[in-house]
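Heads up, the thing below is written out as structure tokens.
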Amino acid sequence: MEPALRALDIVGGYGKAVVVQGVSMELRPNELVALVGPNGSGKSTFLKSVYGLATLFDGRVFLDGTDITSLGPEEKSALGIQYVPQVDNTFPDLRVRENLEMGAYLERDVREIRRRTQEVYDLFPVLGERKEQRAVTLSGGERQMLAIGRALMARPRVLLLDEPTAALAPKMVEELFRRILAVRDSGVAVLLIEQHAKKALGIADRGVVLVAGRKAMEGTGREILANESLKGVFLGRR
Ligand SMILES: Nc1ncnc2c1ncn2[C@@H]1O[C@H](COP(=O)(O)OP(=O)(O)OP(=O)(O)O)[C@@H](O)[C@H]1O
Ligand SMILES: [Mg+2]
1 MEPALRALDI VGGYGKAVVV QGVSMELRPN ELVALVGPNG SGKSTFLKSV
51 YGLATLFDGR VFLDGTDITS LGPEEKSALG IQYVPQVDNT FPDLRVRENL
101 EMGAYLERDV REIRRRTQEV YDLFPVLGER KEQRAVTLSG GERQMLAIGR
151 ALMARPRVLL LDEPTAALAP KMVEELFRRI LAVRDSGVAV LLIEQHAKKA
201 LGIADRGVVL VAGRKAMEGT GREILANESL KGVFLGRR
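Under our numbering, think of the first position of the sequence shown as 1, with each following residue one higher.
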């Protein structure tokens with residue numbers, strides 16, 4: 001199958017500082033790829049460079065074979081790429097329902113918005129139970145669900161998730177992973193940045209390891225977990 005998203009030789013960073021030094025990655029529909037690596041290895045910067053929130057010094061980005069390199073984040077989002085940042089990914093003062101509606105701001109059909117909202121409640125029942133609560137009153141895990149739910153309201157082809165399980169209790173991590181797999185199974189191409197490297201590589205279809213801004217390894221989770229030289233890099237941490 002043709003990749004939904006293809007990032008080719010991405011060189012990205014901030015201002016004049018190069019952080020990501022030539023990283024390529026492909027994401028297919030129905031595929032979950034885990035992006036792992038030590039703190040500061042450039043995982044978030046890679047995502048931001050691809051999406052258009054960091055400086056893209058070199059490289060190309062394709063969506064369904066179309067070159068979208070020069071487009072900004074809003075245009076990319078309108079074309080079907082959704083990015084959920086590591087922090088500050090909800091509107092704290094808005095209600096759960098309103099947060100979700102914001103995610104479908106390009107959709108004018110009220111019934112369609114209601115349909116999508118219900119789909120998000122089906123995926124994350126706790127959000128339906130708390131739909132009139134302000135996002136600030138949610139637990140950490142619930143807030144991550146809301147952030148993902150809001151991204152899904154745009155019906156993306158590609159979902160870029162930056163550490164949705166950061167600071168969550170182990171049980172919550174497993175639950176969120178199960179929901180992310182359900183999103184993948186619905187046909188979305190998902191790129192998941194994870195600190196819980198072992199767990200993420202255990203559920204992902206493929207993994208990519210970044211070390212110091214470069215791709216150190218790519219393969220199935222099993223292949224990466226079996227790589228002796230990478231064990232010391234990060235896999236023993238959690
Ligand atoms: N806004 C920024 N401006 C300048 N440098 C930045 C900025 N954000 C990150 N960096 C630098 O880029 C490098 C890579 O950071 P990045 O956040 O991409 O790593 P990461 O792999 O996502 O780490 P973590 O696992 O801690 O989230 C670090 O050296 C960091 O200091
Ligand atoms: Mg990060």
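All C-beta atoms in this analysis are idealised placements derived from N, C-alpha and C, irrespective of residue type, glycine included.
Inset, instruction - Specify which residues have a beta carbon nearer than 5 Å to any heavy atom of ligand 1, listing them in chain order. - result: Y14, V19, N39, G40, S41, G42, K43, S44, T45
Inset, instruction - Take V20 as the anchor and find which of K43, M172, Q133 has the nearest alpha-carbon. - result: K43
Legend entry - Those runs of the beta strand (DSSP E) which lie wholly inside the segment 101-166 and span at least 3 residues: 158-162
Inset, instruction - Go to K215, then tell me how far its alpha helix (DSSP H) extends in each direction, as first and last residue. - result: For K215, no alpha helix (DSSP H) encloses it; the enclosing beta strand (DSSP E) starts and ends at 214-219.
Inset, instruction - Using only alpha-carbon positions, find the residue among L161, R179, E175, L168 that is nearest to V36. - result: L161
Inset, instruction - Use the C-beta contact count for N39: other C-beta atoms within 10 angstroms, 16 or more gives buried, fewer gives exposed. - result: exposed
Inset, instruction - Note down, in chain order, each residue of its chain lying with its Cβ closer than 8 Å to the Cβ of H181, except the 5 sequence neighbours on either side. - result: Note that residue 181 is Leu in the sequence shown, not His. L32, I203, listed in sequence order.
Legend entry - Among E107, L138, R115, the one whose alpha carbon lies nearest that of R95: Its Cα nearest to that of R95, the residue L138 stands out among E107, L138, R115.
Legend entry - Span separating the alpha-carbon of V294 from that of D109: Past the edges of the chain, shown from 1 to 238, lies residue 294, and the structure says nothing about it.
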